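What follows is a single structure, written as structure tokens, with notes after it.
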Amino acid sequence: MDFALSEEQQAIFEVAASFGADHIAPHARAWEAEGTIPRELWPRLAELGFGGLYVSEAAGGSGLTRLDAALVFEALSRSCASVAAFLSIHNMCAAMIDRYGSDEIKARVLPGALAMETVLSYCLTEPGSGSDAAALRTRAERTNEGWRLTGTKAFISGGGYSDAYVVMCRTGGEGARGISTLVVEHGAEGLSYGGLEDKMGWRSQPTRQVQMDGCPVPAENLIGEEGAGFRYAMAGLDGGRLNIAACSLGAAQAALEATLSYMGERKAFGQSLDQFQALQFRVADCEIALQAARVFLYQAAWKLDTGAPDAPKHCAMAKKFVTEAGSAVADACLQLHGGYGYLADYGVEKIVRDLRVHQILEGTNEIMRLITARHMLAARG
924 MDFALSEEQQ
934 AIFEVAASFG
944 ADHIAPHARA
954 WEAEGTIPRE
964 LWPRLAELGF
974 GGLYVSEAAG
984 GSGLTRLDAA
994 LVFEALSRSC
1004 ASVAAFLSIH
1014 NMCAAMIDRY
1024 GSDEIKARVL
1034 PGALAMETVL
1044 SYCLTEPGSG
1054 SDAAALRTRA
1064 ERTNEGWRLT
1074 GTKAFISGGG
1084 YSDAYVVMCR
1094 TGGEGARGIS
1104 TLVVEHGAEG
1114 LSYGGLEDKM
1124 GWRSQPTRQV
1134 QMDGCPVPAE
1144 NLIGEEGAGF
1154 RYAMAGLDGG
1164 RLNIAACSLG
1174 AAQAALEATL
1184 SYMGERKAFG
1194 QSLDQFQALQ
1204 FRVADCEIAL
1214 QAARVFLYQA
1224 AWKLDTGAPD
1234 APKHCAMAKK
1244 FVTEAGSAVA
1254 DACLQLHGGY
1264 GYLADYGVEK
1274 IVRDLRVHQI
1284 LEGTNEIMRL
1294 ITARHMLAAR
1304 G
């Protein structure tokens, strides 16, 4: 058993971390205030191969493993978890198209997506169906040309900003087997967007409802088989859970490093904060939590890469554990900064706000516990 990263994996991490430090971190607060991420950032990330991290090389992607991709998101999140998470969503959509789409739709959509001239958004959640995703109501009716799509998607990162939307919709009866996946392109007739959501964190990501009112969708925009969309969506979420966990890990690590620097400079009662044993215990607990989270995350990514039967269970467990550890560490770092931690200038309060949603999206942490328990009971005998 070898826990060491390969030289290539170390290089992947360093390239992503360096890009983030140079091109994301200096602007993260301004982008948050503006409520958007400049479009010109994405092609620069695409030049590094980050527009299709685990899209196959045959389709023009980077063909990386899920562990490699987790390293990218961990590294980028050291600069801004909001930007890194948005990139994760785009990659999840691109991988779905590569894995399940027809040759025609891959040839039409993927080149732009890999260059990140075409930004993709993932549309599963609805106002009335979050954790109960299979209860979605958005419906696509057959027409002579393809489909007519009607419904509303909620909490969509990139709503009104992205160029195409990967939409899970009902083409059959009730339940998971009646769900298919369609690609809806920006500018389509009947496609509109709600107002910009005013969020606690991830504020640089424009988030809106995506509304479809009799939206015509060509037949060739169906991804894979009719009725298989829910399976595709869930398979995509296994990797998405790893990515969001990696975002928590990277941002929390950055918060801890900033805290260690602050504690070496800040003095109280005649000595720097890092000389108080009680505070040393606090940062030691943070380091232990992050190291445990990192091993858990990398193991889950390895299981997904190797096709282990229990990979979905481990992705769920890692998502739950790492996102909660990341938030706990970020909160502890804010506390160790005292009043300064509450100020935007020090960056820690942004990390606390950004990481809180990681326990909700890609499946709430309550659902992660449910998935874990179901696997345990199924394996009982």
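Note that our numbering has the sequence shown beginning at 924, numbered continuously upward. Quick reminder that beta carbons are idealized off the backbone N, C-alpha and C, glycines included. What you are looking at is a predicted structure, and each value in this text was computed from that prediction instead of being measured.
For Glu1148, the number of other beta carbons within 10 angstroms of its own is below 16, and it is reported as exposed.
Bounds of any beta strand (DSSP E) do not take in Pro1129, whose DSSP letter is neither H nor E.
Contact between Ala1063 and Val1140 holds, with the beta-carbon distance rounding to 7 Å and staying under 8 Å. The beta carbons of Phe1219 and Phe1199 sit about 30 Å from each other, so the pair does not count as a contact at 8 Å. Ranking Arg1297, Ile1283 and Gly1101 by CA distance to the CA of Thr1048 puts Ile1283 first. Relative to Glu937, the option among Glu980, Thr959, Val995 and Val1089 whose CA is nearest is Val995. Asn1144 is classed as buried because its beta carbon has at least 16 other beta carbons within 10 Å across all chains shown. Ranked by how close their Cα comes to the Cα of Gly1264, the residues Ala1231, Leu1183 and Leu968 have Leu1183 in first place. The DSSP assignment places 1234-1259 as complete runs of the alpha helix (DSSP H) inside the stretch 1227-1266, in order along the chain (cut-off: 4 residues). Shown here, Val1275 sits in a helix according to DSSP, grouped into three states. Between the alpha carbons of Gly1081 and Leu1196 lies a gap of roughly 42 Å.
Phe942 carries a helical assignment under DSSP once its states are collapsed to helix, strand and coil.
Going by beta carbons, Gly1137 and Gly1113 fall inside the 9 Å limit. Beta-bridge analysis with DSSP links Gly1074 to Met1135. If the five residues before and after Val1206 are omitted, its C-beta is found closer than 6 Å to no C-beta atom of its own chain. When secondary structure is reduced to three states using DSSP, Ala1302 falls in the coil class, being assigned neither helix nor strand. About 33 Å separates the Cβ atoms of Leu1165 and Leu1266, ruling out a contact at the 8 Å cut-off. Residue state for Glu1068 is assigned as coil, using DSSP reduced to three classes. In the DSSP assignment, Leu1145 forms a beta bridge with Leu1105. Shown here, Met1186 sits in a helix according to DSSP, grouped into three states.
The beta carbons of Ser1044 and Ser1085 sit about 4 Å from each other, so the pair counts as a contact at 8 Å. DSSP places Val1089 inside the beta strand (DSSP E), whose first and last residues are Ala1087 to Arg1093.
Contact between the stretch 1228-1238 and the stretch 998-1008 is absent, with fewer than three C-beta pairs closer than 8 Å.
As DSSP reads the structure, Tyr1045 sits in a beta bridge with Val1089. The closest CA to that of Gly1110, considering only Leu1119, Gly1083, Thr1104 and Ile1102, is found on Gly1083. It is roughly 42 Å from the alpha-carbon of Phe973 to the alpha-carbon of Lys1190.
DSSP, read as helix, strand or coil, puts Arg1062 in strand. The shortest CA-to-CA distance from Gln1176 to any of His946, Thr1246, Tyr977 and Leu1072 is the one to Thr1246. Exclusion of the five residues before and after Ile1012 leaves Leu1043, Ser1044, Tyr1045, Ser1080, Gly1081 and Gly1163 as the residues of its chain whose Cβ lies within less than 8 Å of its Cβ.
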